Amino acid sequence: MVNYKNWLGEIDNNTEISKLSIPGTHNSAACHTALPSVQCQGKSVTSQLEHGVRFLDIRVGKLFIGDNVKDLQVIHGKFPVKIPFPEKLTDTLEEVYKFLQNNQSESVIVSIKQEGSNDWDNANDEFGKLIWDKYISPNKDKWYLNIDIPKIGDSRGKAILFRRFGVNDENLKSQFGFDAHFWDYNTTDDDRGSFAVQDFCEVQNKNDLPKKADYVKNFISKAKDYANDDKFFVNFTSGSNFFDKDCWPEPCAEYFLKEAKVQEVFGKGSGVVVLDYAEADDWKLTKALIDTNF
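One gets our numbering by counting positions in the sequence shown from 1 and adding 32 to each.
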(Lines of atoms letter the chains of each structure in order from A and count residues from 1; the text may use other names and numbers.)
(Lines give C-alpha, C1' and ligand atoms only; values in the text may rest on other atoms or scores of the structure.)
Protein backbone atom coordinates (compact mmCIF):
# COMPACT_ATOMS: atom_id res chain seq x y z
CA MET A 1 0.00 0.00 0.00
CA VAL A 2 1.56 3.29 -1.14
CA ASN A 3 1.79 6.11 1.38
CA TYR A 4 0.75 8.91 -0.96
CA LYS A 5 1.65 11.66 1.49
CA ASN A 6 5.27 10.51 1.59
CA TRP A 7 5.65 8.46 -1.57
CA LEU A 8 9.01 9.94 -2.55
CA GLY A 9 10.37 8.55 0.70
CA GLU A 10 10.10 5.11 -0.85
CA ILE A 11 12.16 6.07 -3.94
CA ASP A 12 15.92 5.39 -4.05
CA ASN A 13 18.13 8.45 -3.48
CA ASN A 14 19.97 7.95 -6.79
CA THR A 15 16.82 8.17 -8.92
CA GLU A 16 16.57 11.26 -11.14
CA ILE A 17 13.19 12.91 -10.75
CA SER A 18 12.91 12.96 -14.54
CA LYS A 19 12.52 9.16 -14.51
CA LEU A 20 9.44 9.20 -12.30
CA SER A 21 5.73 9.46 -12.94
CA ILE A 22 4.79 12.69 -11.16
CA PRO A 23 1.26 14.06 -10.73
CA GLY A 24 1.05 17.82 -11.13
CA THR A 25 -1.72 20.38 -10.95
CA HIS A 26 -2.51 23.10 -13.46
CA ASN A 27 -2.96 26.54 -11.89
CA SER A 28 -2.49 24.82 -8.56
CA ALA A 29 -3.64 27.70 -6.35
CA ALA A 30 -6.77 28.33 -8.44
CA CYS A 31 -8.75 26.43 -5.82
CA HIS A 32 -10.59 29.31 -4.18
CA THR A 33 -13.84 31.14 -4.89
CA ALA A 34 -13.38 32.67 -8.35
CA LEU A 35 -15.02 32.85 -11.75
CA PRO A 36 -16.04 29.30 -12.77
CA SER A 37 -13.81 29.53 -15.85
CA VAL A 38 -10.84 30.47 -13.65
CA GLN A 39 -11.01 27.79 -10.96
CA CYS A 40 -8.92 24.74 -11.85
CA GLN A 41 -8.72 22.74 -8.60
CA GLY A 42 -11.22 21.75 -5.94
CA LYS A 43 -8.74 21.29 -3.09
CA SER A 44 -6.06 23.47 -1.52
CA VAL A 45 -2.37 23.32 -2.37
CA THR A 46 -1.75 21.71 1.02
CA SER A 47 -4.34 19.02 0.32
CA GLN A 48 -2.85 18.41 -3.13
CA LEU A 49 0.59 17.87 -1.60
CA GLU A 50 -0.76 15.60 1.11
CA HIS A 51 -2.38 13.44 -1.57
CA GLY A 52 0.82 13.06 -3.58
CA VAL A 53 0.94 15.95 -6.06
CA ARG A 54 4.60 16.92 -6.59
CA PHE A 55 4.45 19.52 -9.39
CA LEU A 56 2.76 22.85 -8.79
CA ASP A 57 1.94 25.28 -11.59
CA ILE A 58 1.76 28.82 -10.18
CA ARG A 59 1.03 31.91 -12.31
CA VAL A 60 1.50 35.35 -10.75
CA GLY A 61 0.94 39.01 -11.55
CA LYS A 62 1.12 42.39 -9.89
CA LEU A 63 -0.93 42.96 -6.79
CA PHE A 64 -0.33 46.70 -6.62
CA ILE A 65 -0.25 48.34 -10.04
CA GLY A 66 2.50 50.91 -10.54
CA ASP A 67 6.09 51.20 -9.41
CA ASN A 68 5.49 50.15 -5.81
CA VAL A 69 5.08 46.39 -6.31
CA LYS A 70 5.02 45.08 -2.76
CA ASP A 71 3.78 41.59 -3.44
CA LEU A 72 2.50 39.36 -6.21
CA GLN A 73 -0.89 37.69 -6.44
CA VAL A 74 -1.72 34.34 -7.99
CA ILE A 75 -3.72 34.68 -11.19
CA HIS A 76 -5.08 32.57 -14.05
CA GLY A 77 -4.45 34.47 -17.25
CA LYS A 78 -5.50 37.98 -16.24
CA PHE A 79 -7.99 36.95 -13.55
CA PRO A 80 -7.46 36.59 -9.78
CA VAL A 81 -7.77 33.04 -8.50
CA LYS A 82 -9.42 34.26 -5.31
CA ILE A 83 -12.17 36.85 -4.81
CA PRO A 84 -12.90 39.20 -3.22
CA PHE A 85 -9.47 39.08 -1.55
CA PRO A 86 -6.34 38.10 -3.52
CA GLU A 87 -4.26 34.97 -2.98
CA LYS A 88 -0.72 36.21 -2.45
CA LEU A 89 2.26 34.27 -3.74
CA THR A 90 3.72 34.50 -0.24
CA ASP A 91 0.79 32.53 1.18
CA THR A 92 0.93 29.83 -1.51
CA LEU A 93 4.67 29.33 -0.99
CA GLU A 94 4.15 29.11 2.78
CA GLU A 95 1.91 26.10 2.17
CA VAL A 96 4.75 24.45 0.26
CA TYR A 97 7.34 25.30 2.93
CA LYS A 98 5.16 24.01 5.73
CA PHE A 99 4.48 20.73 3.94
CA LEU A 100 8.18 20.17 3.26
CA GLN A 101 9.13 21.06 6.81
CA ASN A 102 6.79 18.35 8.05
CA ASN A 103 7.68 15.84 5.32
CA GLN A 104 11.45 15.93 4.87
CA SER A 105 11.50 12.91 2.56
CA GLU A 106 9.58 14.82 -0.11
CA SER A 107 10.38 17.34 -2.86
CA VAL A 108 7.99 19.63 -4.71
CA ILE A 109 8.67 21.01 -8.18
CA VAL A 110 7.37 24.60 -8.17
CA SER A 111 6.76 26.18 -11.56
CA ILE A 112 6.51 29.99 -11.40
CA LYS A 113 5.30 31.99 -14.41
CA GLN A 114 4.53 35.67 -14.93
CA GLU A 115 1.08 36.40 -16.36
CA GLY A 116 -1.32 39.33 -16.42
CA SER A 117 0.10 42.78 -17.18
CA ASN A 118 2.91 43.17 -19.71
CA ASP A 119 4.46 46.30 -18.22
CA TRP A 120 7.48 44.61 -16.64
CA ASP A 121 10.98 45.80 -17.57
CA ASN A 122 12.17 42.36 -18.60
CA ALA A 123 15.29 43.71 -20.29
CA ASN A 124 16.52 44.56 -16.78
CA ASP A 125 15.07 41.42 -15.17
CA GLU A 126 12.48 43.36 -13.15
CA PHE A 127 10.23 40.33 -12.64
CA GLY A 128 13.06 37.89 -12.07
CA LYS A 129 14.82 40.11 -9.57
CA LEU A 130 11.59 40.64 -7.65
CA ILE A 131 11.10 36.86 -7.43
CA TRP A 132 14.71 36.45 -6.31
CA ASP A 133 14.86 39.33 -3.82
CA LYS A 134 11.46 38.89 -2.17
CA TYR A 135 10.68 35.18 -2.39
CA ILE A 136 13.74 33.05 -3.14
CA SER A 137 16.82 34.65 -1.59
CA PRO A 138 15.33 35.06 1.93
CA ASN A 139 14.34 31.36 1.80
CA LYS A 140 17.31 29.82 -0.04
CA ASP A 141 17.56 27.01 2.51
CA LYS A 142 14.10 25.85 1.39
CA TRP A 143 14.92 25.63 -2.34
CA TYR A 144 16.91 23.41 -4.69
CA LEU A 145 18.25 26.08 -7.07
CA ASN A 146 20.78 24.19 -9.20
CA ILE A 147 20.14 24.32 -12.92
CA ASP A 148 20.29 20.55 -13.40
CA ILE A 149 17.73 17.77 -13.03
CA PRO A 150 18.23 16.61 -9.44
CA LYS A 151 18.33 13.16 -7.97
CA ILE A 152 15.82 12.45 -5.25
CA GLY A 153 18.50 12.32 -2.58
CA ASP A 154 19.76 15.79 -3.48
CA SER A 155 16.40 17.51 -3.27
CA ARG A 156 14.61 15.96 -0.29
CA GLY A 157 12.92 18.57 1.86
CA LYS A 158 13.30 21.19 -0.88
CA ALA A 159 11.17 23.05 -3.37
CA ILE A 160 12.69 22.60 -6.84
CA LEU A 161 12.39 25.78 -8.90
CA PHE A 162 11.07 25.21 -12.43
CA ARG A 163 11.62 28.73 -13.73
CA ARG A 164 9.13 29.79 -16.40
CA PHE A 165 10.53 33.29 -16.79
CA GLY A 166 13.67 34.51 -18.47
CA VAL A 167 16.71 36.02 -16.77
CA ASN A 168 19.41 38.00 -18.59
CA ASP A 169 21.83 38.39 -15.69
CA GLU A 170 24.31 35.52 -16.17
CA ASN A 171 25.34 35.43 -12.51
CA LEU A 172 21.72 35.25 -11.35
CA LYS A 173 20.82 32.71 -14.03
CA SER A 174 23.47 30.29 -12.78
CA GLN A 175 21.85 30.01 -9.34
CA PHE A 176 18.18 30.44 -10.20
CA GLY A 177 16.85 26.94 -10.73
CA PHE A 178 15.88 24.90 -13.78
CA ASP A 179 15.47 27.16 -16.80
CA ALA A 180 12.18 26.43 -18.59
CA HIS A 181 11.37 29.99 -19.60
CA PHE A 182 10.13 29.25 -23.12
CA TRP A 183 8.31 26.71 -25.24
CA ASP A 184 6.10 27.14 -28.29
CA TYR A 185 2.55 28.21 -27.56
CA ASN A 186 -0.12 25.55 -28.05
CA THR A 187 2.53 22.92 -28.68
CA THR A 188 1.81 19.24 -29.11
CA ASP A 189 5.49 18.29 -28.64
CA ASP A 190 8.25 20.85 -28.10
CA ASP A 191 11.66 19.36 -27.23
CA ARG A 192 13.97 21.93 -25.66
CA GLY A 193 16.79 19.56 -24.88
CA SER A 194 16.67 19.49 -21.10
CA PHE A 195 12.87 19.29 -21.15
CA ALA A 196 10.00 18.53 -23.50
CA VAL A 197 6.44 19.81 -23.29
CA GLN A 198 2.96 18.98 -24.53
CA ASP A 199 0.75 22.01 -23.88
CA PHE A 200 -1.95 22.02 -26.56
CA CYS A 201 -4.42 24.36 -24.87
CA GLU A 202 -6.60 25.84 -27.64
CA VAL A 203 -9.59 23.55 -27.10
CA GLN A 204 -12.24 25.38 -29.12
CA ASN A 205 -15.16 23.11 -28.25
CA LYS A 206 -15.81 19.71 -26.72
CA ASN A 207 -15.21 18.06 -30.10
CA ASP A 208 -11.52 18.98 -29.68
CA LEU A 209 -11.20 16.97 -26.47
CA PRO A 210 -10.47 13.59 -28.14
CA LYS A 211 -7.65 15.27 -30.09
CA LYS A 212 -6.26 16.76 -26.89
CA ALA A 213 -6.48 13.36 -25.18
CA ASP A 214 -4.51 11.75 -28.01
CA TYR A 215 -1.75 14.33 -27.63
CA VAL A 216 -1.57 13.62 -23.89
CA LYS A 217 -1.47 9.85 -24.37
CA ASN A 218 1.13 10.01 -27.13
CA PHE A 219 3.36 12.21 -25.00
CA ILE A 220 3.08 9.82 -22.05
CA SER A 221 4.17 7.01 -24.36
CA LYS A 222 7.12 9.09 -25.55
CA ALA A 223 8.20 9.77 -21.96
CA LYS A 224 7.98 6.07 -21.08
CA ASP A 225 10.09 5.14 -24.10
CA TYR A 226 12.83 7.69 -23.36
CA ALA A 227 15.78 5.77 -21.94
CA ASN A 228 17.98 8.57 -20.58
CA ASP A 229 17.75 10.56 -17.37
CA ASP A 230 18.47 14.04 -18.70
CA LYS A 231 15.06 15.27 -19.85
CA PHE A 232 11.90 16.43 -18.08
CA PHE A 233 8.66 15.50 -19.84
CA VAL A 234 5.89 17.93 -18.83
CA ASN A 235 2.47 16.98 -20.13
CA PHE A 236 -0.53 19.27 -19.62
CA THR A 237 -3.98 17.67 -19.69
CA SER A 238 -5.50 21.16 -19.39
CA GLY A 239 -7.13 23.05 -22.21
CA SER A 240 -9.93 25.57 -22.22
CA ASN A 241 -12.07 28.07 -24.05
CA PHE A 242 -13.27 30.98 -21.91
CA PHE A 243 -16.34 31.41 -24.14
CA ASP A 244 -17.55 27.79 -24.00
CA LYS A 245 -18.47 26.40 -20.59
CA ASP A 246 -18.18 22.85 -21.96
CA CYS A 247 -14.44 23.54 -22.20
CA TRP A 248 -13.90 25.04 -18.78
CA PRO A 249 -11.43 23.19 -16.52
CA GLU A 250 -13.92 21.03 -14.62
CA PRO A 251 -15.72 19.43 -17.60
CA CYS A 252 -12.37 18.94 -19.36
CA ALA A 253 -11.02 17.17 -16.29
CA GLU A 254 -14.11 14.99 -16.14
CA TYR A 255 -13.62 14.01 -19.78
CA PHE A 256 -10.05 12.90 -19.15
CA LEU A 257 -11.08 10.85 -16.15
CA LYS A 258 -14.22 9.17 -17.46
CA GLU A 259 -14.12 9.14 -21.26
CA ALA A 260 -10.50 9.46 -22.37
CA LYS A 261 -9.41 7.06 -19.60
CA VAL A 262 -5.91 8.46 -19.79
CA GLN A 263 -4.90 6.29 -16.81
CA GLU A 264 -4.86 3.28 -19.13
CA VAL A 265 -1.58 4.48 -20.70
CA PHE A 266 0.13 5.38 -17.43
CA GLY A 267 3.31 3.44 -16.79
CA LYS A 268 6.74 3.69 -15.22
CA GLY A 269 8.47 6.92 -16.27
CA SER A 270 5.38 8.74 -17.53
CA GLY A 271 6.92 12.12 -16.66
CA VAL A 272 5.03 15.02 -15.12
CA VAL A 273 1.32 14.84 -15.96
CA VAL A 274 -0.43 18.10 -15.07
CA LEU A 275 -4.08 17.76 -14.07
CA ASP A 276 -7.12 19.93 -13.46
CA TYR A 277 -9.29 18.93 -10.49
CA ALA A 278 -6.71 16.39 -9.39
CA GLU A 279 -8.92 15.34 -6.47
CA ALA A 280 -11.67 13.97 -8.74
CA ASP A 281 -12.95 10.47 -7.92
CA ASP A 282 -10.88 10.27 -4.73
CA TRP A 283 -7.67 11.44 -6.47
CA LYS A 284 -7.94 8.60 -8.98
CA LEU A 285 -5.51 9.88 -11.64
CA THR A 286 -3.08 11.22 -9.03
CA LYS A 287 -2.89 7.84 -7.28
CA ALA A 288 -2.71 5.91 -10.55
CA LEU A 289 0.32 7.92 -11.65
CA ILE A 290 2.13 7.49 -8.34
CA ASP A 291 1.43 3.76 -8.32
CA THR A 292 3.40 3.26 -11.55
CA ASN A 293 6.62 4.20 -9.71
CA PHE A 294 6.33 0.99 -7.68
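We treat Cβ as the ideally placed atom computed from N, Cα and C, and that holds for glycine. Keep in mind that this is a model prediction, so the values were computed, not measured.
- In this structure the region 221–236 does not lie against the region 118–129, because fewer than three pairs of beta carbons, one per stretch, are closer than 8 Å.
- Note on glutamine 133: under 16 other CB atoms within 10 angstroms of its CB, so exposed under the neighbour-count rule.
- Under the criterion of beta carbons closer than 8 Å, phenylalanine 264 and glycine 303 qualify as touching, at roughly 7 Å.
- Following the DSSP letters along the chain, one finds proline 283 inside the alpha helix (DSSP H) bounded by residues 281–290.
- Only exposed fits serine 149, as fewer than 16 other CB atoms lie within 10 angstroms of its CB.
- A residue is called buried when at least 16 other Cβ atoms come within 10 angstroms of its Cβ; leucine 204 does not meet this threshold and is exposed.
- Here the region 287–301 does not lie against the region 74–82, with fewer than 3 beta-carbon pairs under 8 Å apart.
- Judged by DSSP secondary structure, phenylalanine 264 falls within the beta strand (DSSP E) whose first and last residues are 264–268.
- With a cutoff of 8 Å on beta-carbon distance, leucine 40 and serine 143 are scored as not near each other.
- For phenylalanine 298, the closest C-alpha among the options Lys249, Asn45, Cys63 and Leu241 is that of Lys249.
- Nearest Cα to tryptophan 152 within the set Val199, Ser169 and Ile184: Val199.
- Membership of glutamine 146 in the beta strand (DSSP E) is indicated by the continuous run 140–146.
- The C-alpha of proline 170 is placed about 30 Å away from the C-alpha of isoleucine 43.
- If you draw a 10 Å sphere on the C-beta of glutamate 296, you find fewer than 16 other C-beta atoms in it, and that means exposed.
- Per DSSP, the beta bridge partners of leucine 307 are Thr57.
- The three-state reading of DSSP puts tryptophan 164 in helix, counting H, G and I together.
- According to the DSSP assignment, lysine 94 belongs to the beta strand (DSSP E) that extends over 87–94.
- In terms of Cα proximity to lysine 94, the closest of Val77, Arg86 and Pro118 is Pro118.
- Straight through space, the alpha carbons of tryptophan 175 and histidine 213 are spaced by roughly 18 Å.
- Under the three-state reduction of DSSP output, tyrosine 36 falls in the helix class.
- It is roughly 6 Å from the alpha-carbon of isoleucine 115 to the alpha-carbon of alanine 66.
- In the three-state DSSP reduction, phenylalanine 326 falls in the coil class, being neither helix nor strand.
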